[in-house]
Structure formats: structure tokens, C-alpha cells
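Residues in the sequence shown are numbered from 678 upward in steps of one, following my numbering. Beta carbons are placed, not taken as given, at the ideal position from N, Cα and C, and that holds for glycine. One structure is given here, and the rest of the page talks about it.
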Amino acid sequence: MSDPLPSTSVHEAVLAAMPDVLIRIGPDGEFREVLVPRGYPAASEVQTVRGHRIDDILDPDDTAMWMDRMRHCRTTGEAVTAMYRRIVHEQLSAWEVRMVRVSDEEVLCLARNVSDEEAVLKKLQEQNHLLKQLGSTTPLIMYVYDLAQRKNIYINRSLVEELGYDEAQNQAWGNDPLPHLAHPQDKGRMTIDMGRLFTSPEGSVVRGEGRLRHADGSWRHYRSWSTVLARDSNGLPQSLCGVLADETDRILLEEQLRQAEKMEVVGQLAGSIAHDFNNVLTTILGYAQVLVSNLPPGENRDDARELSVAAERAAVLTRRLLTYVRRQPREVGVLPLVEAVHALAPMLRRLMLNPRHRLHLELPRQEVFVRLDRSEMEQALVNLVINARDALGSSGNIRVWLQNVDGTVELGVEDDGSGMSEVVQRRAFEPFFTTKPPGSGTGLGLTSVQRLVSESEGSVSLESVPGRGTRVRILLPELLPGPPVSLPSDPLQPGTRLLVVEDDPGLRSYLQATLSREGWWVEVTGEVAAVDHALREDKIDILMVDLGLHGGQGPELVRRLRGRHPGLHILPTSGQETSFEGLLVLRKPYTPAELLAALGRRLP
């Protein structure tokens, strides 16, 4: 058995093995002894305090605090732990100090340099603060999920609360609300995404998506990005982290864009069909009115009149189709509102698909006038009636009324259907907001109504009670109709040479026959090249041209001729335009009287 080491050697060995500096401090704060382990990195800094007093190093406030702590340690015998920090050469120097009583006059301090730990802690605090700031400002839901505890150990905000549920519901669902929120059709896909996450390579990010039920009954679309945060020694995931993004608005916007693209295609198709259809209607309407004028009173004349009425109704439907697909220009003017709503009534009644849904129309006997585009007014009223109809159950009533109160015109639509919650009422006029299922509504109905009314210096209001129905009231300033305006005329007398350019052979034949009977010298053609030939031969006084000629030849021809032949009278015709290049356009389908009036009017 070896001899024991001398006590001095043991003292030095223990000191060398310890990571701490030992300091003996007297009652007056004098550093009586400073023992520094060999190789200590801050030895020179520590050695400088030997022989000094605490008040030589610290400011008065800190000196008083440390002297009080040492006094407490000497008098009570309790060990005291404290932190000492100072800046040395622009670097933080941090020490953890533990004091123990040696005698009534001395304390022994064990001081450990924890500057590195302090720097790490400060860095972690800064990162934690940054994470909190990021979590509070980002629209994303950020989470860290511990698989062993089966709960989130960090989440910037509650998914359940974001979906509109209260804290009681959040508590009821506990740490795993997704089974209660996920759409039944998406649960299988979510399970597959979770399996991919567990088997993915280190650092992989797995993307997923699914629908979650909002408290108002709607489904919100969420997209997720997740990764494994930590694994055990066997490579099994221990914790996950990721983000969730509400993609509902983006998906709705994309759907609206697809719908808009479809509507553009439908609009182009409708414009093409309407062009040909208007040509046919013009022929039918013209011949029908010729028959009405030439037949003697009796059954045949009545049949011809019905044929004319049917053609006029078809013309109205064509205009509405063009308005719906936004191919019709706005025509804001003085609108006789009673007549306009009365004319729309048959279409509104046809919207009642269920025979137990009843439409009640209440119109005053005296006409009222407002400044509106007729087509937009019709579309707005149709939207309101459709919304009311969709709110009805198996049976119900819709009331449409119009009244004039002290110079203010009120147009209203009321139903006794399901009504709206306060949340829905607050968002009812937001663009693209709808409570209807996908494909059943665009969310633009009430928005377009509000835009139309505001542009006419009016207002619109909505009142609704859940289970009792909804009422929408439109208020518009009344316009007093002025005296009729007489248009100046400089008739082109019969015998005037007229060239008609139309690509529909039936319409060409009708115009040839009708205008010839009225004494006009008429030539008809479907070829643009015939116009230049007629001008060279000086055979025409007036050119009547269809702006809808195939290949866009009509507008190009009008522009070219106006530049080269400024004295030529030009009458454009169209099923869509009302004016073109400053010229009055004869709207198709037109009657023989409208045709002759346009030809007799002063032309630019």
C-alpha cells in the first residue's frame, strides 16, 4: 500500500481538477487569496483582483449588494449563489459564484466562468423571441408535435380556434382534433401522408392537403409541409414539426379564374351564335310585320302578329344572353323601372323550379324612372331572386316589390327561407364569398348588386333572421322624365342608291325585297370586295354594313372607308354594339319601321 500524498499535494491536485476559481474574502471585502487552476483560460483576468477590495472593482450599488450577501452567508451559515457579469474588451464576462462560510470573518467563493453558456443562452433566447414574433405575424400555423406525449409542445395558435370553435370544444377534442375536423373523403389521404412522413429520408419534407370543417359548416382547404424533427437511436421519429396554410381563398380564386375562362369561351360562342340568330330573327320579324301590314283583319293577320311577337321575345332573350356573358355594352340611361320589372316577371317566375315556391310581384300603377343600365338591372334582380329561391326549403314565398316614397325608389326582394347568421351577414357583400357548395355559386351576386347601385348613387341593405328569412332593399334616386327629344333629320329620299353588305343570304333577300318596295335602289352582297367596285363605279350613296361579318371584316371595312371616302353615308348594323367609331349603329334584330327610320335619319 502506497504512502498517502502530502496534504499540500492533495490540495493542489483537487484545485487543478476543479473548474472553479477559489477566492477567500474578508469582512471588509478584501480578496485575501485567489487560487486559479492550472491552465485556466481567464487566469490573468482573475489574478488581477488579489489584494484589492470589492469596492475597487464594482460600482457602489453592486458593492453594497455583494457585501450584503457575504454578511448573510457569514451570519446564517447558508450557502448563497449569485451571478456576476461585466463587459471586458466589449465581450460579456459572466461568472456563477457560490459563497460558503469559512469563519465569522471570511467566506469562500467558488467562481465558475459561464460566459460561453451565457452566450448560448442569449442566442437561444433571441431565437425563441424571433420564433414567437414569426409565429404571431405569419398566416401559417406552426407546430412541434411530440409523438411520445401525443401533444404539441409548441404551436403558434390553435387550429381549432382558427376554425371558429370555442375553448370548450377545443378541450373536448383534446390533443388530437383532426379526426373530428377532417373531411371523411380526405382521412385516408391524410393517413397515407403521415406514413410517408415516418418512412421519409432524413431531412425530407412531406406535403399534404385536406379539408377541415369550419364551425359555420363550411369546409376549409389546408395544405401542410411536415418533417421529422428528431429521431431516436434506432431512427424512429420522436417529434415532428411543420406548418399548415389555409388555401381556401386561393382555391376559390383559381376556381373563379377557371369559371371566368369558361365564361369567356361561352361568351365568344354566344356572340357567334347570337350574330347568326339575330340575322334570322331580323328576317322573321321583318316578314312577320310585312304580313301584319298587308293582311286584312282576321285570323291570318292575328297569326302573323303572334309570329311578330314571338320574334320580338326571342330578340329579348338573345340580348339577355349577351348581357349574361358580358358581351353587351353598358347603356346607362333613364329606365322606366315598373315596365322593366314587369317585362322580366315571366323569367323570374320560371326560376321557381319547385311548384311549391311562389313568387309575389307588387308593382305600382304609376311609372317610376331611375338612371340604370337595363340589362344590369335585370341581371341584379335575377341574382337576388335566385338567392332567395335557394334559401327556401320544400316550400316558401318570395316577394318582389317596387314603391316610390318621397322621391326615393325602393326595389326589394324578400323570402321566408333559412335566413343568415350574423357572421354570414357581415361577409355577404364580400367578393367571392358564398355559402353555396362548390359549383353552385360564384359569390359575386350581391357584390354586383352593390356595385350597380353605388354607381347609380343609391344604396343597398340586407336584413336577415336565421330561420325566418332575408330581405334585400335597394334605394335609388327617382328621375323625372324630361320632354321628348326630337332628332334632326335629313331624309335620304327613295331612289337613293343603297349597297347592303350582309353575310346571311336570307337577310339579304329580305332587305332587297323590303327596301325595293319602298322605292330604294338596292344592291345586296356578301362580299367586301363588291364595295370597292361599287365606289369606283360611283353606284352608291349609302352603305349598310354588318359589323359582325365573318373574319372581323365589318369593322375593318368601316374604318377604311371613313378614311378614304369621308362623304360616304355609312349605316353599321350589329346585334351587340350601339355605336361604333362615332356612328349610330342599327341594333339587330330590327323591324322594317326601325330600318327605314335609321335610313331616313341624318347620318354622320
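Gly1259: not part of any alpha helix (DSSP H); DSSP gives it neither H nor E.
Nearest to Ile869 by C-alpha distance, out of Pro854, Glu1132, Ser970, Gly885, is Gly885. Under the three-state reduction of DSSP, Pro1023 is assigned to helix. Excluding sequence positions up to five before and after Arg789, its CB lies within less than 7 Å of the CB of Pro696, Asp697, Trp772, Glu773, all in the same chain and listed in chain order. For Leu1012, the pairing in a beta bridge is given by DSSP as Val1047.
Apart from sequence neighbours up to five positions away, the residues of its chain that approach Arg1148 with a beta-carbon distance below 6 Å are Glu1091, Glu1140, ordered along the chain. Under the three-pair Cβ rule at 8 Å, the region 1172–1179 does not count as touching the region 1096–1107.
Around the C-beta of Met760, fewer than 16 other C-beta atoms lie within 10 Å, and the residue is accordingly described as exposed. For Ile734, the CB contacts under 7 Å within the same chain, skipping 5 residues up- and downstream, are Val726 in chain order. Looking at the DSSP output, Met819 bridges to Val920. When only Cα atoms are considered, Pro1013 and Leu1129 end up about 16 Å apart.
Non-local C-beta neighbours of Ala1270 in its own chain, meaning closer than 8 Å and more than five positions away in sequence, comprise Gln966, ordered along the chain. The beta carbon of Val1011 lies closer than 7 Å to those of Phe1046, Arg1048, Leu1156, Pro1158 in the same chain, with the five residues before and after it left out. Rounded to the nearest whole angstrom, the CA to CA distance from Ile1075 to Thr995 is 27 Å.
If you check the CB distance, Ala988 and Leu972 do not come in under 8 Å. In the three-state reduction of the DSSP assignment, Asp863 falls in the coil class, being assigned neither a helical nor a strand state. Contact between Leu1058 and Leu1021 holds, with the beta-carbon distance rounding to 6 Å and staying under 8 Å. Assignment of beta-bridge partners to Asp1223 by DSSP yields Thr1250.
By the C-beta criterion, the region 1217–1232 is judged to be in contact with the region 1249–1264, since at least 3 inter-stretch pairs fall below 8 Å.
DSSP places Ala759 in the strand class (E or B) of the three-state scheme. Under DSSP, Thr1202 takes part in a beta bridge, and its partners are Val1178. Taking a C-beta distance under 8 Å as the contact criterion, Ser1136 and Leu1152 qualify as a contact pair. Between Val784 and Arg762, the beta carbon gap of about 20 Å keeps them out of contact (Cβ cut-off 8 Å).
Per DSSP, the unbroken alpha helix (DSSP H) holding Arg1236 starts and ends at 1230–1241. For Arg748, the enclosing alpha helix (DSSP H) starts and ends at 737–753. Within the same chain, and ignoring the five residues on either side of Gln724 in sequence, the residues whose Cβ sits closer than 8 Å to its Cβ are Val711, Val713. Looking from the CA of Gln826, the closest CA among Gln915, Ala756, Arg1026, Asp923 belongs to Gln915. By the Cβ rule, the region 884–899 counts as touching the region 916–926, because three or more pairs are nearer than 8 Å.
Cβ contact annotation for Val1100 (same chain, cutoff 7 Å, sequence separation greater than five): Asp893, in chain order. The continuous stretches of alpha helix (DSSP H) do not include Gly1089, which lies in the beta strand (DSSP E) extending over residues 1085–1092. In the displayed model, Ser1052 falls within a helix according to three-state DSSP. DSSP, reduced to helix, strand and coil, places Val1077 within a strand of the structure shown. Of the other Cβ atoms in all chains shown, 16 or more fall within 10 Å of the Cβ of Ile700; this residue is therefore buried.
Taking the Cα positions, Asp863 is about 9 Å away from Leu889. Take Ser770, set aside five residues on each side of it, and the residues of its chain with a beta-carbon closer than 6 Å to its own are Arg763, Ser792, in chain order. The C-alpha of Glu1258 lies about 58 Å from the C-alpha of Ala859.
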